[in-house]
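Since the structure comes first, as structure tokens, the remarks are kept for the end.
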Amino acid sequence: MALILKNATFIHWETLAFTQANILVNEGRRAGIKLLPVDEPIPANEHTIIDCKGKYVTKSFAIGHHHIYSALARGMPAPPKTPANFHEILQYIWWRLDKCLDKEMIELSAMVTAIAAAKAGASFIVDHHASPNAIKGSLNTIANAVEKIGLSHLLCYEITDRDGQEKAGQALQETADYLSKRQGLVGLHASFTLGSETLGQAAKLMQTYNTGAHVHLAEDVYDQQHCMQTHGTTVTERFESMGLLDQSSTILVHGLHLSDHERRLIAKSPAWLAQNPESNLNNKVGFFSSSLLGNNIMLGTDGMHSDMLQSARAAFFYGVQQDEMGYVSLYRRFRNVHKYLAGNNFDGDGDNNLVVLDYDSPTEFNSANFAGHFLFGLRSNHVLHLISNGKAVMLHRRMVMADEDALLEEARKHSLRLWQKMQSM
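This is the structure we're talking about:
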């Protein structure tokens, strides 16, 4: 049965045209939609009908960079030492956490993250995973968990030398095993934790599976300092020399501490850059600027949360001080993830991914002022229904394909177990 969103106000995500229509939504990972006249009779026995009178329907959102493995970190005990810099934040918080993850924690992290993303209007997650003591099968675990909730994904495992050559080899093998069966990327941590041999092997995986890298780039000045001292070049030049910038599916994450020359290299390449302003502010690593970088910039959450509308607002208020940012340019950056996915032929983000918004604006809402409403009006609490690949996965803010209350209760139990493991390290 096809799905029909009846009496909807459809907002085209690119043109911003508003159309009153019954929306016929076809099911499938590459299926589409059709706008039907509102006065056209609907054969009720052939379709599932959702009444959207007074509601707005538009393309659902997508998260351009996430860390699902951080889902059980919220409220965790303080680290054994207060970090004095970014490297110590990694060492005493995130690298302690990822070492304690097991399959059950990974699965629950993926499921509760997918629920949070859905409730914030996102039907697609681009994720960057790390679990050095539970590497084998971790990507399939995440993929299956996200799909149980009804969402789509583009995953990678974070290859790094920080835990030794044996773990790096396992990460390379996990990447190869996963890419042989599913769409994904070659995940890399950052230049300062990647030796030349491991980086070279990862680059070969990119070529073998015709995909891009997903790698942190100059998030902190330490990354550049280490690269210059160890390799005699900048991080961007190092990645370019290995072919990482050659792929239009490569995602460079953060990109704060870049020279003008590096910015021009990125702008000249087909690669994309994912901006994560809240994480940058939280870690005190610097401020993003799009200067000289070109237009291939999208937004992520960096594991801080799963709410892309919140990330967009943060990017704007951050950007008016540190970047060239306007209402329209913000919305374009928010939606660029769809162009990234479509341009690289990744499936799961077709036109039949829709969000229904119960947005009760006290002012006129139309194509001309959409960008202002997007920034100052729309919130995740306006998300009412979510359609993913033509299926209703959330109705009236409740998940359709999973018992979210039971999952959250189970996640709370495993979060305590995770924290106890971390405290014993």
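Going by numbering that gives the first Met the number 0, the first residue of the sequence shown is number 0, and it counts up by one from there. Glycine is no exception: its CB is placed at the ideal position from the N, C-alpha and C atoms. Computed from a predicted structure; not experimentally measured.
Measuring straight from C-alpha to C-alpha, what distance separates Thr174 and Leu216?
Each residue's alpha carbon lies about 20 angstroms from the other.
So Leu385 and Ser122 are in contact, right, with Cβ under 8 angstroms, and what is the actual spacing, rounded?
6 angstroms between Cβ atoms; contact.
With respect to the beta strand (DSSP E) encompassing Tyr55, which residues constitute its N-terminal and C-terminal limits?
Taken as a continuous stretch (DSSP letters only), the beta strand (DSSP E) holding Tyr55 covers 55-58.
Shortest alpha-carbon distance to Val185 belongs to which of Ile41, Gly242, Asn365?
Of the listed residues, the one whose Cα sits closest to Val185 is Gly242.
Taking Cβ positions, are Tyr323 and Ser289 nearer each other than 8 angstroms?
Here residue 323 is Glu; the residue named in the question, Tyr, does not match the sequence. Yes; because the gap between Cβ atoms is below 8 angstroms, this pair is in contact.
Report the start-end ranges of each alpha helix (DSSP H) in the segment 171-227 that is 4 residues or longer and not cut off at the edges.
Fully enclosed alpha helix (DSSP H) runs of 4 or longer: 195-208.
My understanding is that Val125 touches Gly63, with C-beta atoms under 8 angstroms, so please give their C-beta distance in whole angstroms.
Correct: roughly 5 angstroms between the Cβ atoms.
Using DSSP bridges, identify the partner residues of Phe123.
BP columns for Phe123 point to Ala61, Ser151.
Measure the C-alpha to C-alpha separation of Asn281 and Ala20 and round it to an integer number of angstroms.
One C-alpha to the other measures close to 43 angstroms.
Kindly indicate which residue of Gln320, Gly149, Lys412, Phe369 has the alpha-carbon position closest to the one of Leu107.
Of the candidates Gln320, Gly149, Lys412, Phe369, the one whose C-alpha sits nearest the C-alpha of Leu107 is Lys412.
Taking the alpha carbon of Met307 as the point to measure from, which residue in Thr57, His65, Glu239 has its own alpha carbon closest?
Nearest of Thr57, His65, Glu239 to Met307, Cα basis: His65.
Verify whether the separation of the beta carbon atoms of Ile114 and Met400 is less than 8 angstroms.
Cβ distance not < 8 angstroms, so Ile114 and Met400 don't count as in contact.
Whole-angstrom Cβ separation of Asn351 and Ala77, contact assumed at under 8 angstroms?
So it is not a contact: roughly 45 angstroms between Cβ atoms.
Within 10 angstroms of the Cβ of Asn425, are there 16 or more other Cβ atoms? Answer buried if so, exposed if not.
For residue 425 there is no data in the structure shown, the boundaries of the chain being 0 and 424.
Give the straight-line distance between the Cα atoms of Pro361 and His256, rounded to the nearest whole angstrom.
Cα-Cα distance, rounded: 42 angstroms.
Quick one: what does DSSP say Ile48 is sitting in, helix, strand or coil?
In the structure shown, Ile48 sits in a strand (DSSP, three-state: E or B).
For Leu353, I'd like the list of residues in its chain whose CB is within less than 6 angstroms of its CB, leaving aside the five on either flank, ordered along the chain.
So the list reads Val56, Ser59, Ile386, once near-sequence residues are dropped.
Helix, strand or coil, according to DSSP, for Gln321 in the structure here?
The answer is helix: DSSP assigns Gln321 an H, G or I state.
Pick from Leu34, His152, Ser248: whose alpha carbon is nearest that of Leu272?
Nearest of Leu34, His152, Ser248 to Leu272, Cα basis: Ser248.
Compute the distance between the beta-carbons of His426 and Asp357, then report whether it is under 8 angstroms.
Examination of residue 426 is not possible in this model, given that the chain is present from 0 through 424 alone.
Ala10 and Ile22 look like a contact to me (Cβ under 8 angstroms); what is the Cβ gap, rounded to whole Å?
With the sequence shown as reference, residue 10 is identified as Ile, and Ala is not the correct amino acid for it. Contact doesn't hold; Cβ gap of about 11 angstroms is too wide.
Are Ser305 and Ala142 close, meaning C-beta to C-beta below 8 angstroms?
No, Cβ-Cβ distance for Ser305 and Ala142 is not below 8 angstroms.
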